[in-house]
Amino acid sequence: MHSNSEDPVALALSPAGALARRTACSPGQTVRVGLLLNPKAGRSKSPRQRHRLQALLGRDDAWDETWDLPSVRRALSRLLCRRGANVLAIAGGDGTVHHTVNALVELTREAEAATGIEIPLPRLLILNGGTLNIVGRTCAIHGPPEEILEKFLRYFSGAPLSRVPARRLPLLNVAWQGANGPVLPRLGFVFGSEVAYHAIALYERFGAGYQGLARFLLELSRGALFGSELWRREGWKVGPYESQLAVDARIWQRYTGVAASTVDLTLAIGAARTIRRSLYQPGFSVRVIEAVAPAGVVRLIPAMMSDRPVGGLLDLPSCHHLQLQGPYTLDGELFDEPANPGQRLQLHVTLSEVRLHAVPGEWTADEW
Numbered sequence: 025m026h027s028n029s030e031d032p033v034a035l036a037l038s039p040a041g042a043l044a045r046r047t048a049c050s051p052g053q054t055v056r057v058g059l060l061l062n063p064k065a066g067r068s069k070s071p072r073q074r075h076r077l078q079a080l081l082g083r084d085d086a087w088d089e090t091w092d093l094p095s096v097r098r099a100l101s102r103l104l105c106r107r108g109a110n111v112l113a114i115a116g117g118d119g120t121v122h123h124t125v126n127a128l129v130e131l132t133r134e135a136e137a138a139t140g141i142e143i144p145l146p147r148l149l150i151l152n153g154g155t156l157n158i159v160g161r162t163c164a165i166h167g168p169p170e171e172i173l174e175k176f177l178r179y180f181s182g183a184p185l186s187r188v189p190a191r192r193l194p195l196l197n198v199a200w201q202g203a204n205g206p207v208l209p210r211l212g213f214v215f216g217s218e219v220a221y222h223a224i225a226l227y228e229r230f231g232a233g234y235q236g237l238a239r240f241l242l243e244l245s246r247g248a249l250f251g252s253e254l255w256r257r258e259g260w261k262v263g264p265y266e267s268q269l270a271v272d273a274r275i276w277q278r279y280t281g282v283a284a285s286t287v288d289l290t291l292a293i294g295a296a297r298t299i300r301r302s303l304y305q306p307g308f309s310v311r312v313i314e315a316v317a318p319a320g321v322v323r324l325i326p327a328m329m330s331d332r333p334v335g336g337l338l339d340l341p342s343c344h345h346l347q348l349q350g351p352y353t354l355d356g357e358l359f360d361e362p363a364n365p366g367q368r369l370q371l372h373v374t375l376s377e378v379r380l381h382a383v384p385g386e387w388t389a390d391e392w
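At position 140 of the sequence shown the residue is numbered 164 (the numbering used here), and the sequence of numbers has no breaks.
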């Protein structure tokens, strides 16, 4: 889309690219937005909305569309090094944010290793645009993406970067542990164990968004209580699982599921908040579903949609280490367990040393 003979990733890994990024993120530099659009995500599938967002920025080098995962890395290189963006606007859902964050951190680490230059990360402006938008709601971002971007530009166009408020956004680090170190490490905000992995895979068959989620929960309840073809075929995925779970010093020999989050975990705006996180709360929050029969899981569904205590669910607000086995989900993306003949790998969830900063929605609030 943006033609240039120079490879953008090669530029990003060069001293010139690293210095350009460091200069752009200096507090006194003028706010410069780079927009990353996922044309396959929710509202962003509409060409009209993408054109509205692009028109707000006015310049062709101020935005890029990412049609696949490799294009995310190239788009970041162009926006950060050629555009000199110090505010990275992301139009897409939680999966888009997830893949952008991982590509951004990986690219930055590689550039620092190659050049020896310390590179600050840009502020993130999460515009939403996906189906659930959990991370965006944590930052109090609500409304259509073009309205959010237009408001941001109205407030901060021409202003120094130091004027832009920033909320600290901690990250989970998730990796299997192999004989030679971590295997396939990922960064993210909301982790779910094997039962969540299977539930999301099943839920996607019922359609995206809250209507699909409602249809899935209805079919799950019907199958567990009365039986169904789907339940006979897939019911084992609800657990409980006969493998050990460790959360810090606590151990379960059997369990149904576990979720961990560094952000508020909400499934609908203002209606279904299952994990609440206060600003600067240490560690990450964990919710354990103890070993219960499938019918018991169905009875717990209403409680899972709230943050009220109930038997069978255990909430641990400030944890530092999670150890278990199996495939998992991170920010709604599914990750398969790597093949390891003869032995299952241990999966470790910890708090990442990487600290992102996102622009909060309440731009006039005192705490920002």
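For every residue, glycine included, the Cβ atom is placed at its ideal position computed from N, Cα and C. Quantities reported herein were computed from a predicted structural model and do not represent experimental measurements.
request  = Mark G52 as exposed unless 16 or more other C-beta atoms lie within 10 angstroms of its C-beta, in which case mark it buried.
outcome  = exposed
request  = Report yes or no: do three or more beta-carbon pairs, one from the region 350 to 357 and one from the region 201 to 214, lie closer than 8 Å?
outcome  = yes
key: The beta strand (DSSP E) enclosing D118, as first and last residue numbers   = First-last for D118: 118 to 139, but that is the alpha helix (DSSP H), not the beta strand (DSSP E).
Alpha-carbon to alpha-carbon, S217 and P264 = 12 Å
key: Buried or exposed (CB count within 10 angstroms, at least 16 for buried), N204   = exposed
ask   = Considering only the beta carbon of each residue, do L398 and W87 sit closer than 8 Å?
value = The question about residue 398 has no answer, for the chain in this structure spans 25 to 392.
ask   = S38: which of P384, A220, E134 sits nearest, CA to CA?
value = E134
inquiry  = Can you list, in chain order, the residues of its chain with a C-beta nearer than 7 Å to that of D272? Leave out the 5 residues immediately preceding and following it.
reply    = C343, H344, H345
ask   = Can you tell which of P169, A190, S186, A34 has the C-alpha that lies nearest to the C-alpha of C105?
value = A34
request  = Just the C-alpha distance for V282 and L269, rounded to the nearest angstrom, thanks.
outcome  = Their Cα atoms are separated by approximately 9 Å.
task = Find the nearest neighbour of P146 within the set A113, P71, G336, R161, judged by alpha-carbon distance.
result = A113
key: Length of the line joining the Cα atoms of E174 and D360   = 39 Å
query = Any beta-carbon of chain B closer than 8 Å to the one on I114?
reply = Here chain B cannot be found, since the structure has a single protein chain.
message = Rounded to whole angstroms, what is the Cα-Cα separation between A127 and V96?
response = 7 Å
query = Nearest-angstrom Cα distance between P189 and V383?
reply = 6 Å
inquiry  = For L61, list the residues DSSP reports as bridge partners.
reply    = E89, A115
ask   = Exposed or buried, which one is P206 when buried takes at least 16 other CB atoms within 10 Å?
value = With fewer than 16 other beta carbons inside 10 angstroms of its own, P206 counts as exposed.
query = Which ranges would you report for the alpha helix (DSSP H) in the region 151 to 233 if only whole runs of at least 4 residues count?
reply = 158 to 162, 169 to 180, 218 to 227
query = In this structure, does DSSP put L2 in helix, strand or coil?
reply = Since the first residue of the chain shown is 25 and the last is 392, residue 2 is not available in this structure.
ask   = Is P63 near E89, with beta carbons less than 8 Å apart?
value = Cβ atoms of P63 and E89: closer than 8 Å.
key: E170 burial status per 10 Å Cβ neighbour count (16 or more: buried)   = Burial call: buried.
inquiry  = Please identify the residue among E377, L348, S285 whose C-alpha is closest to the C-alpha of L369.
reply    = L348
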